[in-house]
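Visitor:
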Amino acid sequence: MECMQSVEWQALQAHFESIRNVHLRDWFAEDPERAGRYTLEVDGLLLDYSKNRIADETLDLLTALAERAGVAAVRDAMFAGERVNTTEQRPVLHVALRNRGGTPIKVDGKDVMPDIEGVLQRMAAFASAVRSGEWKGYTGRPVRNVVNIGIGGSDLGPAMAYEALKPYSQRSLTVRFVSNVDGTHLAEALRDLDPAETLFIVASKTFITQETLTNARSARDWLLRTLQDDAAVARHFVAVSTNAERVAEFGIDTGNMFEFWDWIGGRYSLCSAIGLALMVAIGDTHFGAMLDGFHAMDRHFATAPLEQNMPVLLALLGIWYNNFFGVESHALLPYDQYLARFPAYLQQCDMESNGKSIDKQGRPVTGQTGPLVWGEPGTNGQHAFYQLLHQGTKWVPCDFIGFARSQNPVGDHQDKLMANFFAQTEALAFGKSLEDVLAEGVDPELAPHRTFEGNRPSNTLLAAHLTPFVLGQLIALYEHKVFVQGVIWGVNSFDQWGVELGKVLAGRILDELTANEEPVLDHDGSTNQLIRRYRAWR
Ligand code: G6Q
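For the sequence shown, my numbering gives the first residue as 1, with consecutive numbering after it.
(1) So, for Y345: in the same chain, excluding its five sequence neighbours on each side, which residues have a beta-carbon less than 6 Å away from its beta-carbon?
(2) Pull up the distance between the alpha-carbon of H94 and that of T103, whole angstroms please.
(3) From the DSSP output, in three-state form, read off P32 for me.
(4) Does DSSP put V22 in a helix, a strand or coil?
(5) What's the gap between the Cα of W537 and the Cα of L501?
(6) For K356, which option in F324, M257, H300, G498 has the closest C-alpha, if you only look at C-alpha atoms?
(7) Tell me, please, whether the region 54-70 touches the region 301-319 by the rule of three or more beta-carbon pairs shorter than 8 Å.
(8) Spatial neighbours of L417 within its chain, please: C-beta separation below 6 Å, excluding the five flanking residues on both sides.
(9) Can you give me the Cβ contacts of T226 inside the same chain, cut-off strictly under 6 Å, excluding the 5 residues immediately before and after it?
(10) Based on the DSSP secondary-structure assignment, which residues constitute the bridge partners of D48?
(11) Is F324 helix, strand or coil when you go by DSSP?
(12) Can you have a look at Q228 and say buried or exposed, based on whether 16 or more other CB atoms are within 10 angstroms of its CB?
(13) If you check the beta carbons only, do A304 and G44 fall under 8 Å apart?
(14) If I'm right that R98 touches D298 with Cβ under 8 Å, what's the distance once you round it to whole angstroms?
(15) Under 8 Å between the Cβ atoms of I201 and V238?
(16) Give the DSSP-derived three-state secondary structure of S169 in the structure shown.
(17) Report the residue from E67, R100, A125 whose alpha carbon sits nearest the alpha carbon of P114.
(18) Flag K356 as yes when its Cβ comes closer than 7 Å to any non-hydrogen atom of the ligand G6Q, and as no otherwise.
(19) Does the distance from the C-beta atom of A264 to that of P468 stay below 8 Å?
(20) Within the same chain, show all residues whose beta-carbon is closer than 6 Å to that of V280, passing over the 5 residues directly before and after it, in chain order.
(21) Is V482 close to the ligand G6Q? I mean its beta-carbon at under 7 Å from any heavy atom of the ligand.
(22) Identify every run of the beta strand (DSSP E) within the region 407-490, keeping only runs that are complete inside it and at least 3 residues long; order them along the chain.
(23) Kindly identify the DSSP beta-bridge partner or partners of P142.
(24) Please tell me whether, using a cut-off of 7 Å, the distance from the CB of S179 to the nearest non-hydrogen atom of the ligand G6Q is below it.
(25) How would you call V84, buried or exposed, if buried means at least 16 neighbouring beta carbons within 10 angstroms?
(26) How would you write the range of the beta strand (DSSP E) that P377 sits in, first residue to last?
(27) Below 8 Å on the Cβ atoms is my guess for T425 versus F400; work out the distance and round it to an integer in Å.
(28) Using a threshold of 7 Å, is the CB atom of R267 nearer than that to any non-hydrogen atom of the ligand PLP?
(29) Pull up the DSSP beta-bridge partners for H330, would you.
(30) State the beta-bridge partners of C398 as determined by DSSP.
(31) Pull up the CB-CB distance for H480 and F301, whole angstroms please, since I reckon it's below 8 Å.
(32) Could you check the C-alpha separation between A125 and E307 for me, to the nearest Å?
(33) Give every residue of the same chain whose Cβ lies closer than 6 Å to the Cβ of T63, excluding the five residues on either side of it in the sequence, and list them in chain order.
(34) Start and end of the alpha helix (DSSP H) containing E163?
(35) At the level of alpha carbons, what is the spacing between W374 and Q387?
(36) Quick one: is the Cβ of V373 within less than 7 Å of any heavy atom of the ligand G6Q?
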């Protein structure tokens, strides 16, 4: 029987009815130990989850649900290389990419670690050659610009991590990421670059993705317009892919290809060769430190008891709000400008993984699955959408992510940033009652507008400093959170048939947009009309 029909689920439903109206103010007033008890620290990453609408019993019941779902067994199966991606019959082994302990991990009886380590070594040698200037372009000049061409899972990870770890990057290199098939993206990325000093990394697992191949072809044309010799391509293009045949067909020497494997999902591929642009930017030592952070969280996830397991806790809290309180979204609010792309990255990780309505057995699920995930860095968001977070009719559970020390200790900026960080979680949880507002002498007519009901939950993740290690921990934390939720909802978190659909549909319409003769259109009336208008205006 699926989890959402289980007695554990029903027990949670009953418990929910009994505590749904309890206010965080009361819970904190009753229990001075609450904050300490609901805090977990793993390798320098602290999670304070006390500002959640939970009691001890909630956690016990949620843990029982995780046990019922077999979270530990499915987790162990994933780590052991079993085919937990059931609809594609593949193992799911992003954890092998950062398996720093060197223990063997087998797929069909073969240890995958030597291949993984071999590619990491090739990446490191290449990154070092580019960084030192030893890798020369076709005219003998060193590389000064690196442009990663990829989309979705082959873009968001390295693009986000490059932004996050910019202070660790070699600043003499310009590193850019081009994903959108909108020609503007490529044009703006290349407009001030010199082809003789520019290296393209074409990152595509399948090497058939329309956007990436279109951008890569146009990049090659741009290069050859100046360098005028096909032989230049070998010095200015490398590929990251699972598909050597297609890479060769495109005209990139497979000697310049960095391999990965079909048991790495696109959105889980940052630690594979997909991270090459990042490694070139920050060097293999910092890249290795990031892998260490991933690995530390992997070990914690694999070994800590469920009730003290950080990814499991985040997953269960998410389920508590999503499935029992009926909230629809989840906000990620990093108080660090370098994490500006972190919400977008995790949006893919979460929404592509658990945005499913059919369970692993092929039946419609009976309850809500993945939430809408969104967010922006603070404090910017405070001057924009936080109004709804504080006083809207719907509420949004939030994860606040902050650091004690800034990468750029300018004056008192960091203390001001973090004062806002702490104040927001406090205000969301405790609000401001009508009596308090009136006691401040506010006009009674205005007082309701200035009242905050509070009881809006949040998690706080705090670390000393945003290092490569901490970034690895944070990403692995959310990857495993999403995994645990997928297990409990009974969906396969590792396929993406909804994404495949777009890849097919666009092909047909493209022919209709570009046909010389007026095409016979048999879409719906709206689509037909829009295509005709586009053809007229194009
Ligand atoms: C990720 C998705 C998707 C994918 C892109 C790019 O999990 O499958 O975002 O990464 O569609 O695919 P390629 O790497 O094959 O070009």
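Idealized CB from N, CA, C, for every residue including glycine. Bear in mind the structure is a predicted one, so any value in this text is a computation, not a measurement.
Guide: Taking the coordinates as given:
(1) L156, M160
(2) 15 Å
(3) coil
(4) coil
(5) 27 Å
(6) G498
(7) yes
(8) Y335
(9) P195
(10) T39, T460
(11) helix
(12) exposed
(13) no
(14) 7 Å
(15) yes
(16) coil
(17) R100
(18) no
(19) Reading off the sequence shown, one finds Ile at residue 264, where the question assumed Ala. Result no, Cβ atoms of I264 and P468 do not sit closer than 8 Å.
(20) A127, V130, V146
(21) no
(22) 458-463
(23) K136
(24) no
(25) buried
(26) First-last for P377: undefined, no H or E at that position.
(27) 6 Å
(28) Within the structure as shown, the ligand PLP is missing, the only ligands being the ligand G6Q.
(29) V373
(30) A331, S458
(31) 5 Å
(32) 42 Å
(33) L306, E307
(34) 156-164
(35) 15 Å
(36) no
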